[in-house]
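Visitor: Which chain is which? The protein sequence lines are A and B, in order. Numbering of the first sequence is given in our numbering, commencing with residue 1 and proceeding in unit increments. Numbering of the second sequence is given in our numbering, commencing with residue 140 and proceeding in unit increments.
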Amino acid sequence: MKHHNIHTNEDDELLRDLFSSIELEEPSADFTKKVMHTVGSQAPVFELKKETKLNYTTIYFALSCASILLLLWFAQSNIELLDIYGMSTLHSTFKYSIDIIMSTFHKIPSLAFIITLACGLLYIIDKTIFRFALSKYEL
Amino acid sequence: MNPKEDNLLIEEIKSGKVEAYSALVDKYKRMAYTLALSITKHSEDAEEVAQDAFVKAYKNLNTFKGKSKFSTWLYQIIYRTALSKVRIKKHFNQNIDDLNEIDINLDSYQIDHLERFDKKKIIKIAISKLKEDEAFILVLYYYQELSIEEISKTTELSSSNVKVKLHRARKNMLAILQKLMNGKAQSLIQA
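Take a look at the structure:
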């Protein structure tokens, strides 16, 4: 017996006895048929939901990868541009960081490094922003 | 059918076998309808609520992770749907804090069964006279033998709140039963 939270007394026993004699109410004979009819007509919505979710994931993945690739390309080839905007401190800090990363990973093919980084970022984005958006807008 | 079998059925449904859902509906329809009736107090509303709840459960089946029992999850949907229905329709909102004000209007059918001292009918009438959430909690606790924690999860009330409501529901239920057995009902029967 699961009832541990409320002490057993005569009233409790009486109620238990009475409730044990309950007969569940019977809905209409075509209850299941009606439910299945509604469910059947909505079945594509259920499948569509899954597909929509997959499509959004794919689009987001592609966009994230493209953004990260662009960012890294910019950092490697156009870092001097930062000077134009007078951001010399940022330039030196950024360049220093990129130099460290590149010198650390110089033996690893750059593509593998970029993919690893992209996956890491994507994982964080997926676990936070994307999940939030999915639950909020029921995508 | 145990919860594991329910989960197997759910997996089948999720993989596209929609017709497997009818097994779940068949299994839980009577309990669903009884619970809905305990809140709505009206057979047509209860049928509508139970059907809506099954459709809602199906629509959101992809969010059901199987961490809790399917039945608990379904009862939660029934509870929300039924309360929403009652609030909209304001069909039955009798406050029975003061039991002296209860108007137990028994129809001839009910009196007939009371004469035979039919426990099944007495409990049915008593449940129909309880407040909606109290009736729901009592059915889950005494009939379904759910724990306080499971009822808490189903109703989204805190455990202490469930205990308070359960205590109040028991008290009201017993008072109604007493009235049915010794008071107005007896006088009606004798009349």
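Quick reminder that beta carbons are idealized off the backbone N, C-alpha and C, glycines included.
Who are the neighbours of Gln190 of chain B on chain A, taking C-beta pairs under 9 Å?
Guide: Those within 9 Å of Gln190 of chain B in chain A are Pro27, Phe31, Lys34, Val35 and Thr38.
Visitor: When you compare the CB positions of Leu313 of chain B and Ala265 of chain B, do they come within less than 7 Å of one another, or not?
Guide: No; because the gap between Cβ atoms is not below 7 Å, this pair is not in contact.
Visitor: Quick check on DSSP: helix, strand or coil for Ala62 of chain A?
Guide: Correct three-state label for Ala62 of chain A: helix.
Visitor: Measuring alpha carbon to alpha carbon, tell me which of B:Val301, B:Tyr281 and B:Arg169 ends up nearest Ile287 of chain B.
Guide: Checking every option, the nearest Cα to that of Ile287 of chain B belongs to B:Val301.
Visitor: If you draw a straight line from the alpha carbon of His181 of chain B to that of Ala196 of chain B, how long is it in whole angstroms?
Guide: Straight-line Cα distance between these residues: approximately 22 Å.
Visitor: Please name the residue in B:Met320, B:Ser154 and B:Leu285 whose C-alpha comes closest to that of Ile262 of chain B.
Guide: When only C-alpha atoms are compared, the closest one is B:Met320.
Visitor: Helix or strand or just coil, what does DSSP make of Glu254 of chain B?
Guide: Low local confidence applies: a pLDDT of 49 at Glu254 of chain B is under 50, so the model's placement there is unreliable, with the coordinate-based value given in what follows. In this structure, Glu254 of chain B counts as helix in the three-state DSSP scheme.
Visitor: Which residues in chain B sit within 8 Å of Ser64 of chain A, going by Cβ to Cβ distance?
Guide: None at all; the shortest Cβ gap to chain B is about 24 Å.
Visitor: Determine the contact status of Ala159 of chain B and Leu176 of chain B, defining contact as a CB-CB distance below 7 Å.
Guide: Cβ atoms of Ala159 of chain B and Leu176 of chain B: not closer than 7 Å.
Visitor: Is Lys259 of chain B close to chain A, meaning its C-beta is less than 7 Å from at least one C-beta of that chain?
Guide: So, interface residue.
Visitor: Distance, Cα to Cα, Lys270 of chain B vs Ala221 of chain B?
Guide: Whole-angstrom Cα-Cα distance: 13 Å.
Visitor: Check for me: the alpha helix (DSSP H) holding Ile22 of chain A runs from which residue to which?
Guide: Run containing Ile22 of chain A: none; DSSP gives neither H nor E here.
Visitor: How long is the line joining the alpha carbons of Asp12 of chain A and Arg309 of chain B, rounded to whole angstroms?
Guide: Computed Cα separation, rounded: 8 Å.
Visitor: Listed in chain order, which residues of the region 194–214 of chain B have Cβ atoms closer than 8 Å to some Cβ of chain A?
Guide: So the list reads Val194, Tyr197, Lys198, Leu200 and Asn201, given in the order they occur along the chain.
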